[in-house]
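Read through the structure below, which is laid out as structure tokens, and then see the notes.
Numbering (this note's numbering), first residue to last: 96 to 514.
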């Protein structure tokens, strides 16, 4: 597609994943002229391969002190639920040290509250957005389950549920019988679960992305695909974007390039954001679309099964190996071995498809949602990019129009990394 005349656009958004796309639609619908740039195709990165879970119940940082005991296994087991590539360790270390420091009680509690504040608004934001832009065919709000098959974890599950109920994350503890009545396909080795009614899931991510892409274009937005921003330089007259398709002088820029945002954030703001990638895998089973009714996560196995129109998606695990290492698709295939014991009947894995993508995770588990003069920032949502996409886009719109924020924006500001 031809490069746009830069003078015609109020803002250029770098990154056309679910974060950039929702923001583009909201701004364009409010009369802002938006050009959306993506290094590949709109919505085809982590946005297309995530678990599809609007996970409002996940309100704690990505790591806590219990993670430390898993480090030896992370280094030695290439297919375990948590994997650390020892060759990447020197590059990961500065980020990992800050992650460890954020496990201390005071920062942990502060981060937890900031995640809770975002997630408390996320489901309603998605529902309103879906109603406005004709997405309701692909969004279901029927809740989700967190199960255990270990007796020792029933008490852990109960304590977790009580802790969440105490802070307003509503859940109900289900007995084995109640769990199997709700999801009859589950094996009777599942001993109990927490049911979270105020969560949802997207049944067709590609359909949602296509609809938003079409909506954005119909509103007058401009899309440039296969456009990789190589360098960004802020000047008095605008922001110079050097791309593989030519140079652009942008009046304003929003950075929403996910795990690829770190270098551009430094160029645009001068601040080095402690951002790294958690590589996530999924296995899609196209002949299993009706096996489950709602997403089912396993506390013991650390993965989720999400029913979609295109099949049953098995997703999860965390791998620290950076952006450049080749994918280890054994990690996707191993998800089938985790799923099968949880289900009564054999899974049909015919025509299954493996996938790997990058979750952009800051060292404090919080996204960067901010405005620094001409630069808007909207990235670093770790596992919660889909969940927080709409509420983050709304916050960017508040910044753009200098409106009062419904959510305290302070915890998500870039300046927290300049101290």
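Yeah, the Cβ is synthetic: ideal placement off N, Cα and C, and Gly gets one too.
query = Does the distance from the C-beta atom of residue 380 to that of residue 449 stay below 8 Å?
reply = Here residue 380 refers to the residue found at position 285 of the chain shown. Here residue 449 refers to the residue found at position 354 of the chain shown. No, these two residues do not count as a Cβ contact at 8 Å.
message = Less than 6 Å between C-beta atoms, sequence neighbours within five positions excluded: which residues of the same chain meet that for residue 267?
response = The count along the chain shown starts at 1 and reaches residue 267 at position 172. Excluding sequence positions up to five before and after residue 267, its CB lies within less than 6 Å of the CB of 290, all in the same chain and listed in chain order.
message = My assumption, with CB atoms under 8 Å, is that residue 412 sits in contact with residue 425. Please give the rounded CB distance.
response = In the chain shown, residue 412 corresponds to position 317, counting from 1. In the chain shown, residue 425 corresponds to position 330, counting from 1. No, residue 412 and residue 425 are not in contact; Cβ-Cβ is about 11 Å, not under 8 Å.
task = Would you identify the three-state DSSP class for residue 244, choosing helix, strand or coil?
result = As a first step, residue 244 is located in the chain shown; it is residue number 149 there, counting from the start. In this structure, residue 244 counts as coil in the three-state DSSP scheme.
task = May I have a chain-ordered list of the alpha helix (DSSP H) segments no shorter than 4 residues that lie completely inside the segment 345–432?
result = Those alpha helix (DSSP H) runs which fall completely within the segment 345–432 and span 4+ residues are 356–364.
task = Grab the span of the alpha helix (DSSP H) containing residue 71 for me, first residue to last.
result = No statement about residue 71 is possible, as the shown extent of the chain runs from 96 to 514 and does not include it.
inquiry  = Measuring CB atoms only, is the segment 486–497 touching the segment 238–255, in the sense that at least three cross pairs come out at less than 8 Å?
reply    = Verdict: no, contact absent.
Beta carbon of residue 466 nearer than 8 Å to that of residue 146 = Within the chain shown, the letter at position 371 stands for residue 466. Within the chain shown, the letter at position 51 stands for residue 146. Contact annotation: residue 466 and residue 146 have beta-carbon atoms that are not nearer than 8 Å.
query = Counting along the chain, where does the alpha helix (DSSP H) carrying residue 496 start and finish?
reply = Counted from its first residue, the chain shown places residue 496 at position 401. Counting along the chain, no alpha helix (DSSP H) covers residue 496, and no H or E run does either.
query = Grouping DSSP H, G and I as helix and E and B as strand, with all else coil, what is residue 511?
reply = By one-based count along the chain shown, residue 511 stands at place 416. Three-state result, residue 511: helix.
ask   = Run through DSSP, which three-state label would residue 232 get?
value = Along the chain shown, one-based indexing puts residue 232 at 137. DSSP places residue 232 in helix when its eight states are reduced to three.
key: Any alpha helix (DSSP H) of 4 or more consecutive residues that is wholly inside the segment 112–176   = If one requires a minimum length of 4 residues, the alpha helix (DSSP H) runs lying completely within the segment 112–176 are 113–124, 141–144, 166–171, in chain order.
Buried/exposed call for residue 439, threshold 16 Cβ in 10 Å = In the chain shown, counting from the first residue as 1, residue 439 sits at position 344. With fewer than 16 Cβ atoms within 10 Å of its Cβ, residue 439 is classed as exposed.
Local conformation of residue 518 per DSSP, three classes = What the structure shows of the chain is the stretch from 96 to 514, and residue 518 is not part of that stretch, so it cannot be assessed.
ask   = Would you report the Cα separation of residue 506 and residue 206, rounded to the nearest angstrom?
value = For the purposes of this step, residue 506 is identified with residue 411 of the chain shown, where counting begins at 1. For the purposes of this step, residue 206 is identified with residue 111 of the chain shown, where counting begins at 1. Those two C-alpha atoms are separated by around 8 Å.
task = Flag this pair as touching only if the segment 456–463 and the segment 178–197 have three or more C-beta atom pairs under 8 Å; answer yes or no.
result = Of all C-beta pairs linking the segment 456–463 to the segment 178–197, three or more are shorter than 8 Å, placing the two stretches in contact.
message = Rounded to whole angstroms, what is the Cα-Cα separation between residue 293 and residue 332?
response = Numbered from its first residue, the chain shown carries residue 293 at position 198. Numbered from its first residue, the chain shown carries residue 332 at position 237. Going from the Cα of residue 293 to the Cα of residue 332 covers about 46 Å.
key: Residue from 152, 208, 106, 199 whose Cα sits closest to the Cα of residue 502   = Sequence index remark: in the chain shown, residue 502 carries index 407 (1-based). Ranking the options by Cα distance to residue 502, first place goes to 208.
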